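J.:
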Amino acid sequence: MKGTEMTDTNKALKDMVAELSMDIARKSEKMDFGALSNLLHDDYTAINFDGRMHDKQDRLAEWRNQEFKPSSVKIQDIKVRPLGDTVVVTGICSVKASYKGEDMSADYRFSQTFKHKDSVALSATTKREDLLLWHSTATKVV
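The end of the sequence shown is residue 143 by our numbering, with every number in the run present.
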């Protein structure tokens with residue numbers, strides 16, 4: 002019975018974090034600054050498709066200044082792996098957008114690392130996870 006409980010808990014956690022990842026995509030598409038700010042860990046780091054690194058304040062400023070203008074942000078092929086008090090998410094993010102006036106529409110392979118707020122171990126009942134790290138690479142998805 003114990004193995005089944007662990008599997009059920011693990012599935013619930015994976016489902017919750019997958020939904021959180023998709024929610025970030027939806028909020029990015031709508032440029033919901035308040036919600037996005039709340040989802041980013043204070044130590045958030047992003048490595049963009051073009052190799053630039055951002056911290057939380059850089060990313061929020063970029064969004065507020067409308068340097069990134071999305072018309073569509075969709076997540077697919079998502080995989081979620083719990084690892085202690087963190088969860089790693091990988092997938093493909095299909096983006097239709099411009100960045101500083103240049104078209105950047107493409108499919109991006111991405112990885113996200115979520116860490117529970119206040120470093121409390123993640124569980125299926127966790128109410129708050131923060132996105133700690135985001136990395137994306139433009140790629141032709143085969």
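We put the CB at the ideal spot given by N, CA and C, even for glycine. These figures come from a predicted structure and were not determined experimentally.
Please classify residue 120: is it buried, with 16 or more other beta-carbons within 10 angstroms of its beta-carbon, or exposed?
T.: Reliability fails at residue 120, whose pLDDT of 41 lies under 50, so the model's placement of it is uncertain and no value is given.
J.: What's the C-alpha gap between residue 44 and residue 77?
T.: If you take the alpha carbons of residue 44 and residue 77, they lie about 26 Å apart.
J.: Where does residue 56 fall in DSSP's three states?
T.: In this structure, residue 56 counts as strand in the three-state DSSP scheme.
J.: Is DSSP giving residue 24 helix, strand or coil here?
T.: Helix at residue 24.
J.: In three-state terms, what does DSSP make of residue 68?
T.: Residue 68: coil per DSSP, three-state reduction.
J.: Measure the C-alpha to C-alpha separation of residue 70 and residue 35 and round it to an integer number of angstroms.
T.: Cα to Cα, residue 70 sits roughly 17 Å from residue 35.
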